[in-house]
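Report on the following structure.
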Amino acid sequence: MKNNCVFCAIEAGEIPCFKIYEDDRVLAFLDINPFSKGHTLVIPKTHHKDMLEVPAELGTAVFAAIQKVAAAVLEATGAQGFNVMQNNRLAAGQTVFHIHWHIIPRFEGDGLDMWAQGKYADGAAMQQMAAKVASCL
Ligand code: 5GP
Ligand code: ZN
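Position in the sequence shown (first residue = 1) + 858 = the numbering used here.
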């Protein structure tokens, strides 16, 4: 299997998938374990591990595919909304290390709420964090 990667194998046709869309750079297919019916994955056809490794110029093709596929998923499922989710690295829940974007159909009251949000101690702590991140750019 190329790159020892299940998504490269799907892209190569070595593993079957339920394909939704493809163009020369991007492939979209149903997630095998959906958060909700119609949950779709969008992948670049080339192998890149995560957001820090994917060439930024691929973003335009991915963005366009997400828009196209998400609109179709909404229409097909009757969902009222959708999440676009993208996990980077093990600590963030990434399990397939070929970058992919999840399109997850959402319905009012479906109970799929993802994370509890927290608070900074105060404005100074928030300013300190913003400055620290900006200094790493
Ligand atoms: P991650 O947790 O890395 O963000 O998401 C990986 C996703 O890939 C999971 O939602 C999982 O269900 C899906 N997945 C893993 N293996 C396969 C497969 O062989 N075929 C399909 N269609 N989806 C897969
Ligand atoms: Zn791959």
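Cβ atoms here follow ideal geometry from the backbone N, Cα and C, with glycine treated the same way.
If the five residues before and after Val920 are omitted, its C-beta is found closer than 7 Å to the C-beta atoms of Val884, Val900, Pro902, Trp959, all from its own chain and listed in chain order. Relative to the non-hydrogen atoms of the ligand ZN, the Cβ of His905 comes within a distance shorter than 7 Å of at least one. Residue burial annotation: Gly896 is buried, with at least 16 other C-beta atoms found within 10 angstroms of its C-beta. In its chain, beyond the 5 residues on either side, Gln938 have a beta carbon closer than 7 Å to the beta carbon of Glu966. In terms of Cβ geometry, Met984 and Tyr978 form a close pair [threshold 8 Å]. DSSP places Glu880 in the uninterrupted beta strand (DSSP E) bounded by 877–880.
At least one heavy atom of the ligand 5GP sits closer than 7 Å to the Cβ of Ile890. Rounded to whole angstroms, the separation of the alpha carbons of Glu880 and Val931 is 15 Å.
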